Structure formats: structure tokens, C-alpha cells
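Chains as they are written, first to last, in the numbering used here: chain A, 2 to 369; chain B, 65 to 319.
Glycine residues also receive a C-beta, built at the ideal position from the N, C-alpha and C atoms.
As the structure is a prediction and not an experimental result, all values here were calculated from the model.
Below is one structure, written out as C-alpha cells, with a few remarks after it.
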């Protein structure tokens, strides 16, 4: 049989490419002023930008004060970046002993390094799991101290950015596998397993995160035997994991449902068995399909960590609030919130960009 | 090549279905099916749609569960025992109407996945075997492409190669050419004919009567969940006994 490569494309009749005009004026005319409604919208947008941008620039740069001894030196009208210069370190690390700030700083660096390493798909596997384990141990040692000549620091002093990163990252690292098990369990043939997973997911999803945190911090200790305490941070962390897992589970279930039956049958007919089929065939496809909602949930979870403020943990936003209570530096809300918002935004924007890249990579096989 | 556990002398039955019944709720999909396939035998199953032919061959590797009767494959009886089911599936390859390749893996990865994870072959060996079979289905140059980049005929040939990489004793084909454009049917049938000539035990659900004439040792005609007629292709086509068979053949051979 003569083998004809059917995918090989025959040369298409050559079309004369349309003349591409590259002059900026032609571009403007084609894109911004090509119709009357579009022209009106363009002019309205320009007007709005003209109204908004100059005052913001004047406030943030021209009238801004960069150096000052106290807040009183900051005159009204411009941003007081001197506040950030003075309080930035407090917002980042909170009440962690000042001389030991290198420890939370290293923690932040370790987290960012681990997150960046996890982004490289070639490293996914057992080595990455070991890296995470080592990283989390290093973080624990750095933050707690009490060994290697480092002073002991209790968890109530773990404030600011390290706390936010611990809650969010550790939360997601544990919530994600739990969510996969819950999603698989909800589709299980075994009624008991399915019942437990459905019950868990519906229960947790029906309750606000604040309630879960309150229960973890206020109610749980009431049920513990006297004399027994569980660290407040640990309680919040567990509450956070259990909460995020329920949401992620439903997203993953959506992906599982989109896998055609033929994939299961092909895997079965090759003798793969349930776990290998799940791990090698079903999950890779299901997870790739739900990257956008997953990342949406990760971003939401990252920002939800700010809620721990209500049970008295000072995350990045909590530390920013605390910084505002200094009598020498009062009233610089905008500066404090712009600073912390910029940090949140940087992380979330990174997640969003990375998810787009991942989506492109995973969809490679599906394209014709 | 052959697993000692399933070593069977040529001529011995390798698939046995005895009084097999299957219901979907109230609907009886299979009625008292008795079928024996000998090692090396090529059986072609035909019949109108909804006659239970796909259901029957899907029972052979337990993609469907039968409710009554016995199915014995390569000496192992199919029961709810998961170990038995997996042992049988290792020896029985299956090719589907819709190919069912794994779209997230390259062609080579599709072929090596089961040998590596189920047969525990070293990766290098599995890849060598995979390339050998790709050569045999005449698409060695597509090894690093994804299934979505191939034509239907090429995908089905990859699917056949994927099953062969497990070195199965038996190959089941469930309407392998029904989803293909006419110009691609031949390239798939050619591969199947070659496979038959090499002595593979095959059970084939298909409407390709030319193929059936060429390779089949036994023709089986099913209608409404029953085996209505069976016999060597020569007699089956020249001198069908039952009216239902005659009607079906006249319909399928008239164009």
C-alpha cells in the first residue's frame, strides 16, 4: 500500500497579501476612528485619561515626599512615601523581632524560589516534592528558631508577608491533593465514599470562610480537653486548607466530568487499573482543562488569607493596618494600602500570567 | 513473547462464552450467547445496529458486565474479581470505533504507556517495541506528534499499534473503520489483514464484508441480542440459512 501522508498540506493557491500600512496615522484611523461611535468612545476615553492621570502623577511623584523624620513633615497634597520608607519593613515583617528580620526575609525568598521552581514543568515529579519538603522545613526552622543559635519566636509574632505566604502557599499545597481526592471520591462507585465527599463539600461550601475561621479559633478550644491548646496559626491554616479544598474539589470534578468515556475504556482495555488510569490518563487531561478556574480559585484563596485578621493574626494587610496606628505617622491610609495592594497585585498577576502560559502548553496536543 | 500463564495449544479454545445473558434494565441486550474462539481463529461478527455485537465483544474484556453465564478468556474466568479482569485485559487488545487515543500524550507515549506501567518494561525497550510497531502500521515518522495532528486513518493505526505493544494474545476490533472517511478505510484494513495473516486471534465487529471474506475463518451473524447464524464465510455468503441473515446480507451487499 502506498502510504499517503494525509496530514501533509498541499500548497494553497498563493493569495496576494493585503498591503500592510504601518504608519501610525493609518493605524489610528483604522483602529480608533473608523466609525462615528468609535470616534466618540475614543475621545471620551482620552478625556477621562486626561482628567485622571495628571493628578495621580502629581500626587504619586511630583508632590510626593520621599524623606521625612515624622508624619508631620509630610505636607498635604502629595503622597508620603517617607511613611513607606519608615514603615515598609514593619508592614512586611510586623512584630517579628527587629534584629532577626533576616529570617522572615529568607522565608519570603525561599517561598518565591520554590514557587518559581514549581513553575518549570520539567521539574515536576518526586524531586520537586522533596524540594518542597526541604523548603517547608527550612521555613519552619527560620521562623520558629530555637536552634542553631537563633532565638525562639512564637507564631503570634509571625506577621506580614511571610504569614500571608505561609497561609496561602501551604494552604494550596495541602488543599490541592485533598481536593483531588474529594473530587474523585464524589464520583466514586462506593456509596460510603461518595456520601462522605458530597457531605463534606456541601457542608464547607455552605459556610462563609469567616465562620470557619471563627470556629477554628473560638469554638474549637472549647471542645479540647483543658490544658490542651493548638497553635492559633495552625488552626487557621487547617481551616484554610479544609475550606479551599471544598472549592477546588468542585472545580476539579468539573474537569473530570468532561473526560469522554472512551478515555476510561481505552485505559481499562490496556489493563491500567483505577489508580494508574486516574493518574496517567484522567487527571492530566481533567486538570489541564480547568486551569483557568483553578487559578481563579488560587488567586481568590491568596487574597482570602487577609481574613485571618479577624482572629487576630497579622498578615500583610493586618501589619499595614497596625503600622497606621503609630501616633507619629497617622493618616497615611492610601500609602499603606497602595503599598500592600501592589504586593498582592504582583503575586496575583504572576499567577495569572503563569496560568496562561501553562494553558498554552497543555493545549498543544489538542490543536490540529 | 507468550506469557506462560496463557500458553494455549493452537486449536484450543481461547475465548469461551457459555449461555451469556446481559440486560440493560428491562432490555435484554444479549440472549444466551454461546461462542467459542480457537487460538489463531479469526471471527467476524456482523449484524444490524443494536443487535448486540459490540456489547458481546465488550463483554470479552469486561468493558461491559454480563449477568448470567460464563466467559472464559485465556483460561481465566471473568468474574467481579479485579485481579482476573486486569489479567485478562493484559492479554486482550482492543481497538475502538472512535480510536480513543490519549490526546495529551504523543504517539510514542501512547504506545509506551501501558508496557511501561503495566508490563513494567524498561522505557528504552518499550520505545524500541513501539517504533517497531509504528513501522509495521507504516507511520514511523509520526512518533513525536500528538494524536490531534493525525488523520483518522493514522489515528486508528496508532490505536492498533498501541494495543499490539502490549503483545496481546487476542485482538478485539469494535467497528474499527466505521468512523473513518472512505479513503482511509483501506489503510486500516490493510494493517488488519496483515495482522490476521500473522496468526493473531481476532474478533472483529465490522460491516466490511470484503475484509470478512478475505480473513474470516468464521462468520457470526447477530440480531436482537442473539447469534442467529454462524459458519465459514464461503457458505455464509453463498448460502445463508436464516431469513434474517438473507435480509441483512441483501441490504449490506446491494451497494
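By DSSP, does residue 229 of chain A sit in helix, in strand, or in coil?
coil
Interface positions of the region 110-130 of chain B facing chain A (Cβ-Cβ less than 7 Å), listed along the chain:
125 and 127
If I'm right that residue 144 of chain A touches residue 132 of chain A with Cβ under 8 Å, what's the distance once you round it to whole angstroms?
Contact flag wrong, Cβ pair sits at about 18 Å.
Taking the Cβ atom as the reference point for each residue, do residue 247 of chain A and residue 206 of chain A lie within a distance shorter than 8 Å?
yes
What are the residues that DSSP puts in a beta bridge with residue 77 of chain B?
B:102
May I have the straight-line CA-CA distance separating residue 225 of chain B from residue 141 of chain B, to the nearest angstrom?
27 Å
Could you tell me the alpha carbon to alpha carbon distance between residue 73 of chain B and residue 103 of chain B, rounded to whole angstroms?
Low confidence applies to residue 73 of chain B: its pLDDT is 45, below 50, so where it sits in the model is not reliable enough to give any reading.
Can you list, in chain order, the residues of its chain whose CB lies under 7 Å from that of residue 107 of chain A, leaving out five sequence neighbours each side?
143
Indicate the three-state DSSP secondary structure (helix, strand or coil) for residue 241 of chain B in the structure shown.
coil
Distance check for residue 329 of chain A and residue 374 of chain A, CA to CA, integer angstroms please.
The structure shown does not extend to residue 374 of chain A, since chain A spans only 2 to 369, so no value can be given for it.
Would you say the region 90-100 of chain A touches the region 160-168 of chain A, given that touching needs at least three Cβ pairs under 8 Å?
yes
Using 10 angstroms around the beta-carbon of residue 120 of chain B, count the other beta-carbons present and answer buried if the total reaches 16, otherwise exposed.
buried
May I ask you to list, following chain order, the residues of the region 159-179 of chain B that have a beta carbon less than 7 Å from some beta carbon of chain A?
160, 162, 164, 166, 167, 168, 177 and 178
Quick one: is residue 181 of chain A near chain B, going by C-beta distance under 8 Å?
no
Cβ-based burial, residue 216 of chain B [other Cβ within 10 Å; buried from 16]
buried
Measuring alpha carbon to alpha carbon, tell me which residue in A:362, A:327 and A:351 is nearest residue 88 of chain A.
A:327
Pairwise C-alpha distance: residue 256 of chain A and residue 286 of chain A:
8 Å
So, is the C-beta of residue 182 of chain B closer than 8 Å to a C-beta in chain A?
yes
Please report the distance separating the alpha-carbon of residue 286 of chain B from that of residue 296 of chain B.
15 Å
With DSSP run on the structure shown, which of helix, strand or coil describes residue 290 of chain B?
strand
Tell me which residue opens and which closes the alpha helix (DSSP H) that residue 156 of chain B is part of.
Segment 156-159 is the beta strand (DSSP E) holding residue 156 of chain B; no alpha helix (DSSP H) there.
Identify which residue in A:157, A:155, A:139 and A:158 has its Cα closest to the Cα of residue 149 of chain A.
A:139
Tell me whether residue 309 of chain B is buried or exposed, calling it buried when 16 or more other Cβ atoms sit within 10 Å of its Cβ.
buried
What residues from chain B crowd round residue 286 of chain A, counting only those whose CB sits closer than 9 Å?
166, 167 and 168
Can you tell me where the beta strand (DSSP E) holding residue 267 of chain B begins and where it ends?
265-269
With distances taken from CA atoms, which of B:236, B:294 and B:126 is nearest residue 256 of chain B?
B:236
Cβ of residue 187 of chain B within 8 Å of any chain A Cβ
no
What separation, rounded to the nearest whole angstrom, lies between the Cα atoms of residue 303 of chain B and residue 168 of chain B?
49 Å
Residues of the region 270-300 of chain A with a CB closer than 7 Å to any CB of chain B: list them in chain order, please.
270, 271, 272, 273, 274, 277, 281, 282, 285, 286 and 289
In this structure, how does DSSP classify residue 247 of chain B when only helix, strand and coil are distinguished?
helix
Using three-state DSSP, classify residue 295 of chain B as helix, strand or coil.
strand
With DSSP collapsed to three states, give me the class of residue 319 of chain A.
helix
Run down chain B in chain order and give the residues with a C-beta less than 7 Å from the C-beta of residue 251 of chain A.
Those within 7 Å of residue 251 of chain A in chain B number zero; the least Cβ separation is about 22 Å.
Rounded to the nearest angstrom, what separates residue 49 of chain A and residue 295 of chain A at their Cα positions?
35 Å
By the 10 Å Cβ neighbour count, where 16 or more other Cβ atoms means buried, how is residue 276 of chain B classified, buried or exposed?
buried
Under 8 Å: do the region 131-148 of chain B and the region 196-205 of chain B share three or more Cβ pairs, one atom per stretch?
no
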